[in-house]
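J.: Take this structure, written in structure tokens, and hold onto it; I'll ask about it next.
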Amino acid sequence: MNTHGRVLDLFSCSGGAGWGYKLAGFEVDGCDIADRPRYPFAYHRGDALEYLATLIATGEITRYTLVHASPPCQEQCALTVGTNRSQGWGGAHEDLVAPTRELLDQTGLPYVIEQPNGRAKIRKDLWLCGEMFGLRVLRHRNFELGGWGVGQPAHPHHRGYVRGHRHGVYREGPYVAPYGDGGGKATVPEMQTAMGITWTDVREELTEAIPPAYTKWIGTAFMTARQEVIA
């Protein structure tokens, strides 16, 4: 049952972020340019920025309480600016963070922009780690919060290594690597269990997902901040 309103989940991929908002009490609508038949909520297939611009122009954006966006920014992610660039791997990537923010500001709604660690040009108003939620993944993520704010939770010490090969050395550890294949990285069932995502078994979708625990925490914090303002 809806208790908190509706979240627009842009660049939604398979719904890791959306599921967390559902757990926090929101209804969720997603939009992604790819076909996502496993996305667990109402879904619009199309260009996320074009869709958002249409919602603004028609006034339909007022259906929403909060907008979450995870725009692609592989050009500035840690893997691209680190290992890939040093080795000459990979190709050109598009950075959609700035045009996403521009449209989000036009909505007049509070919003969340999510990005992986790296050099993406967002304010790091909040960052979360799987260890904060007792998960078997670290998956550090940064969040820019538009029109609202929340305090940064404490970051517990990591309990050990991420399992697998790194720089030619194999280590065991309490965490699994939810990306790639082989070399001790997580299997698909391990990825599902570690992140709390059961509705898709597609490796590519799991690799791109954030654990729903992150956005459950964000959604709950948003409603707490909103209620404090109303009070």
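So the sequence shown is numbered by the numbering used here: it starts at 506 and just counts up by one. Think of the CB as a built atom: it goes at the ideal place given N, C-alpha and C, for glycine as much as any other residue.
Considering only DSSP beta bridges, list what glycine 669 is partnered with.
T.: BP columns for glycine 669 point to Arg676.
J.: Less than 8 Å separating the beta-carbons of glycine 651 and threonine 570?
T.: Not in contact: glycine 651 and threonine 570 (Cβ atoms no closer than 8 Å).
J.: Glutamate 532: buried (16+ other C-beta within 10 angstroms of its C-beta) or exposed?
T.: With 16 or more other Cβ atoms within 10 Å, it is buried.
J.: Determine the extent of the beta strand (DSSP E) in which glutamate 565 is found, giving its start and end residues.
T.: Segment: none, glutamate 565 is in no beta strand (DSSP E) and carries neither H nor E.
J.: On a CA-only basis, which of Gly530, Phe546, Leu515 is nearest cysteine 536? Give me that one, please.
T.: Comparing Cα positions, the closest option is Leu515.
J.: Looking at C-beta atoms only, is the number of pairs between the region 602-612 and the region 677-695 that lie closer than 8 Å three or more?
T.: Result no; under three Cβ-Cβ pairs closer than 8 Å.
J.: Find out if the Cβ-Cβ distance for the pair glutamate 607, serine 575 is shorter than 8 Å.
T.: No; because the gap between Cβ atoms is not below 8 Å, this pair is not in contact.
J.: Would you list the residues sitting across from phenylalanine 516 in a DSSP beta bridge?
T.: Phenylalanine 516 pairs with nothing; no bridge assigned.
J.: Output the distance between the C-alpha atoms of proline 679 and proline 621, rounded to the nearest integer angstrom.
T.: Distance between the alpha carbons of proline 679 and proline 621: 21 Å.
J.: Are the region 703-711 and the region 722-730 in contact at 8 Å, needing three or more beta carbon pairs?
T.: Not touching, per the Cβ criterion.
J.: Can the beta-carbon of glycine 701 be found closer than 8 Å to that of proline 717?
T.: It is a contact, given that the beta carbons lie within the stated cut-off.
J.: Can you have a look at isoleucine 723 and say buried or exposed, based on whether 16 or more other CB atoms are within 10 angstroms of its CB?
T.: Burial call: buried.
J.: Would you kindly check if the distance between the Cβ of tyrosine 526 and the Cβ of histidine 573 is under 8 Å?
T.: Yes.
J.: Mapping DSSP to helix, strand and coil, what is leucine 650?
T.: Strand, per DSSP.
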